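As given, the protein sequences belong to chains A and B, one line each in that order.
With the working numbering applied, the first sequence covers 3 to 23.
With the working numbering applied, the second sequence covers 229 to 428.
To keep things clear, I will list the structure first and then write my remarks on it.
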Amino acid sequence: PASNLGLEDIIRKALMGNMEE
Amino acid sequence: ELSQDQQVLISYIVDAHNKHRIPQDMARKLLQEQFNAEENFLLLTEMATSHVQVLVEFTKNIPGFQSLDHEDQIALLKGSAVEAMFLRSAQVFSKKLPNGHTVVLEDRIRRSGISEEFITPMFNFYKSIGELQMMQEEHALLTAITILSPDRPYVKDQQAVERLQEPMLEVLRKVCKLQHPTNPALCTASRSSRVMAHER
Chain A
3 PASNLGLEDI IRKALMGNME E
Chain B
229 ELSQDQQVLI SYIVDAHNKH RIPQDMARKL LQEQFNAEEN FLLLTEMATS HVQVLVEFTK
289 NIPGFQSLDH EDQIALLKGS AVEAMFLRSA QVFSKKLPNG HTVVLEDRIR RSGISEEFIT
349 PMFNFYKSIG ELQMMQEEHA LLTAITILSP DRPYVKDQQA VERLQEPMLE VLRKVCKLQH
409 PTNPALCTAS RSSRVMAHER
């Protein structure tokens, strides 16, 4: 189930969050 | 005794742990709205996504984490996300939220179509974590320690991760002895960062 959620995608986007701001 | 630096580290991690939570509107949906099994399942997957985002925000606030190699940051989060989420969920369930919230949550999970094969061990895990009667400092530290496990797959600079994890392990050992002087079980469990793998 974790891989179906695109876990790595979610993590990458969330980590990038501050950089985009 | 905890040193000044160690006390600062604890308050930093506990603050981050408390600050980053599932958004209010999602929590409200979970607790208040009526759904069928399929909608329950979708709601839980939405919540899982939100939970991962919350976990990443917490992790960014762990001292030193953002100084790690970027791909190692991803590897650590990817390798620990499920364990850390279960730890956090266990804390929520063991806090015995007011007004039977945990009853509603448990009911929703049991009626989401998720196989009993997963549900039973999950609630057993929540129960055994609850029995340890961990304080919030221990939960926050254990979560940080779980995330900063140097032996996750694809981590390149394991020593850099160890350098971050070791001071936290030391703090957790001390906190544990201070808060549970007569309960060796928790201290033994927290001495090993593999406690989560065992529970899994």
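Glycine included, every Cβ here is placed at the ideal spot set by N, Cα and C.
Small disclaimer: the values here were computed from a predicted structure and weren't measured.
- Taking all protein chains in view, the Cβ of His298(B) is surrounded by fewer than 16 other Cβ atoms within 10 Å, so the residue is classified as exposed.
- The three-state reading of DSSP puts Thr371(B) in helix, counting H, G and I together.
- Close partners of Lys247(B) in chain A (Cβ separation under 9 Å) are lacking, with about 15 Å as the shortest Cβ gap.
- One Cα belongs to Lys355(B), the other to Val310(B), and the distance between them is close to 18 Å.
- Residues are counted here when their Cβ sits less than 8 Å from a Cβ of chain A; for the stretch 264-295 of chain B these are Thr273, Ala276, Thr277, Val280, Gln281, Val284, Glu285 and Lys288, given in chain order.
- Annotation for His408(B): no alpha helix (DSSP H) segment contains it, and DSSP assigns it neither H nor E.
- Between Leu376(B) and Leu400(B), the gap from beta carbon to beta carbon reaches 8 Å or more.
- Annotated three-state conformation of Asn352(B) is helix, per DSSP.
- Beyond the five residues adjoining it in sequence on each side, Phe263(B) comes within less than 7 Å, by CB distance, of Leu271 in the same chain, given in chain order.
- If you look at Tyr240(B), you'll find it in the alpha helix (DSSP H) that goes Gln232 to Lys247.
- Taken through DSSP and simplified to helix, strand or coil, Phe346(B) comes out as helix.
- Against chain A, a Cβ distance below 7 Å from Ala368(B) picks out nothing, because the smallest value is about 19 Å.
- Taken atom to atom, the span from the alpha-carbon of Gly307(B) to that of Lys323(B) is near 26 Å.
- Within a 10 Å sphere around the beta-carbon of Gln294(B) sit fewer than 16 other beta-carbons, which makes this residue exposed.
- Between Leu259(B) and Val383(B) the beta-carbon gap is near 38 Å, outside 8 Å, which marks them as no contact.
- Excluding the 5 residues flanking it on each side, Gly328(B) has no same chain C-beta neighbour closer than 8 Å.
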